[in-house]
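In my numbering, the protein residues as written are 3 to 409. We put the CB at the ideal spot given by N, CA and C, even for glycine. Shown next, in structure tokens, is the structure this report addresses.
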Amino acid sequence: MVCNADEGDPGAFMDRSILEGDPHSVIEAMAICGYCICSDTGLVYIRAEYPLAIERLKIAINQAEEYGLLGDDILGTGFSFKIELRYGAGAFVCGEETALIHSMEGLRGEPTVKPPFPSVSGYMGKPTNVNNVETFANIPVIINKGAGWFNKIGTEKSKGTKVFALAGKINNVGLIEVPMGTTLREVIYDIGGGIKDGKEFKSVQTGGPSGGCLTKKFLDTPIDYENLGAAGSMMGSGGMIVMDEDDCMVSIAKFYLEFTLEESCGKCSPCRIGNKRLHEILDKITQGNGDLEDIERLKVLSNVIKDTSLCGLGQSSPNPVLSTIANFENEYLAHVLEGKCPAGQCKSLVHYVINEELCNGCTLCFRNCPVGAITGERRVAHFIDQSLCIKCGVCFEKCKFNAITVN
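This is how it looks when you write it as structure tokens:
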């Protein structure tokens, strides 16, 4: 019996919240599962970066043992079950079940080809059941209230509720739990309180770094496994990052790819080499050196990586690239054909210019420029030396008269 508490998505803390707030629900479910499959040992693979969750899980295990709910001959039934902790070092790939099992065995956290599946040969070669924290936490309440009660919640194919970690350019960040089938619009505007500073919604990334970026046209899409998959994204662990008009989608795709590059175990060539080539092409485009063929290369290479990678990390890593091209191809074209970043985020394509008619020479930009790229006298229009400018944007932020524009 293995509980996967290795929560690796950036900004996701659903499992941590459960383990800190109600660890007994997970312990109870593991014991129930152990009884069902005749297992006498449960292992919780948890991130070492979760000290409070670890502490409370230990307390809960001790309490369960004191009450006779864990250990030998539980409640006189003859069934024995113990739970032990195994610590992860924060590797994203160890969320994949075979990599997780190898890590618990003291081996490199790398996935292996299936079959054999863990249910046949898993931890130490024994049949192994692997489930997530959130899955286990649902079990006690389902048993108490019945499957009929649970099936009334959610959609026809996706039952129950889902916990999401709302983050990004949204007013109300944090954890939410909603029935399956709730729309993205309800989550972002009714629960999340809309976009920060009254700015325009641009995209929402669901499923963490391996998910897709969805646009306005998907706001009324019910959230479930089937609909998110059809839209080019995924449910994943439940991370949900909201972006506004100031975000460059080419840079966003590059950012998520940097994460997967860092977290790839490197075992298979499509993921190790293919994602590196994807990143190089995206970097080339954000530097203003891309061409139309690069966009086609991104599509072809992404699909090859998805089809040939060994595990879910490589199979889903191109999702941000494919979804941003599908939904924001105009931004890719602007970078390639016009040498411009519409959002003004790609530094190589940005030029800050002072409008002489609007500048009153207050010297605020001059005094805040970290590299001395701005010159000018008081009450006289200032000038930015493009050869010295590092495009940090401080002058643009500090100007109170909207005299600085981004070209």
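- For Ala167, the enclosing beta strand (DSSP E) covers residues Thr163 to Gly170.
- The three-state secondary structure of Thr223, taken from DSSP, is coil.
- Take Lys402, set aside five residues on each side of it, and the residues of its chain with a beta-carbon closer than 8 Å to its own are Cys364 and Leu366, in chain order.
- CA-CA distance, Tyr52 to Ile34, rounds to 25 Å.
- If you look at Phe330, you'll find it in the alpha helix (DSSP H) that goes Asn321 to Leu335.
- In the DSSP assignment, Ser105 falls within the unbroken alpha helix (DSSP H) covering Glu99 to Met106.
- A direct Cα-Cα distance of roughly 28 Å separates Leu335 from Asn404.
- Proximity of the stretch 221–229 to the stretch 179–195 meets the contact definition, three or more beta-carbon pairs being nearer than 8 Å.
- Under the criterion of beta carbons closer than 8 Å, Val252 and Glu333 qualify as touching, at roughly 6 Å.
- Here the alpha carbons of Leu72 and Cys40 stand approximately 14 Å from one another.
- Per the Cβ contact rule, the stretch 231–242 is in contact with the stretch 4–15 (3 or more Cβ pairs under 8 Å).
- The three-state secondary structure of Ile386, taken from DSSP, is strand.
- Counting along the chain, Cys5 sits inside the beta strand (DSSP E) bounded by residues Val4 to Ala7.
- The alpha-carbon separation between Arg299 and Glu282 amounts to approximately 11 Å.
- Between Pro113 and Lys342, the CB-CB gap reaches or exceeds 8 Å.
- Short of 8 Å from the beta carbon of Ala50, and not among the five residues preceding or following it, lie these beta carbons of its own chain, in chain order: Ile56, Tyr89, Gly90, Ala91 and Gly92.
- Cβ atoms of Gly170 and Val122 stay farther apart than 8 Å, at about 41 Å.
- Scanning its chain for C-beta atoms nearer than 6 Å, with the 5 sequence neighbours on each side dropped, one finds around Leu324 the residues Ser304, in chain order.
- Closest option to Ala62, judged by alpha-carbon separation, among Arg380, Ile85, Ile48 and Gly97: Ile85.
- Secondary structure of Phe368 (DSSP, three-state): helix.
- In this structure Pro120 touches Val132 by the C-beta definition: roughly 6 Å separates them, less than 8 Å.
- The distance from the Cβ of Gly111 to that of Ala101 is about 5 Å, consistent with a contact at the 8 Å cut-off.
- By the Cβ criterion, the stretch 146–158 is not in contact with the stretch 203–220, since fewer than three pairs of Cβ atoms, one from each stretch, lie closer than 8 Å.
- For Tyr89, the pairing in a beta bridge is given by DSSP as Ile48.
- For the 8 Å CB-CB criterion, Leu259 and Leu284 form a contact.
- Note that the C-beta distance between Gly292 and His353 is not below 8 Å.
- Under DSSP, Leu216 shares a beta bridge with Val206.
- Of the candidates Lys349, Cys5 and Gln388, the residue whose Cα lies closest to the Cα of Thr130 is Cys5.
- Between the C-alpha atoms of Gly97 and Ile103 there is a straight-line separation of about 10 Å.
- Contact between Phe138 and Met32 holds: CB atoms are separated by about 6 Å, below the 8 Å threshold.
- A direct Cα-to-Cα measurement between Asn277 and Pro320 gives close to 8 Å.
- Its Cα nearest to that of Gly346, the residue Ile406 stands out among Ile406, Lys116 and Leu21.
- The beta carbon of Ile20 is closer than 6 Å to those of Val135 and Ala139 in its chain, skipping five residues each way along the sequence.
- Taking C-beta separations shorter than 7 Å and ignoring five residues to either side along the sequence, the partners of Met106 in its chain run Leu45, Tyr47, Arg88 and Tyr125, following chain order.
- Annotation for Ile56: the continuous alpha helix (DSSP H) segment containing it runs Pro53 to Glu68.
- Between Thr288 and Ser350, the CB-CB gap stays under 8 Å.
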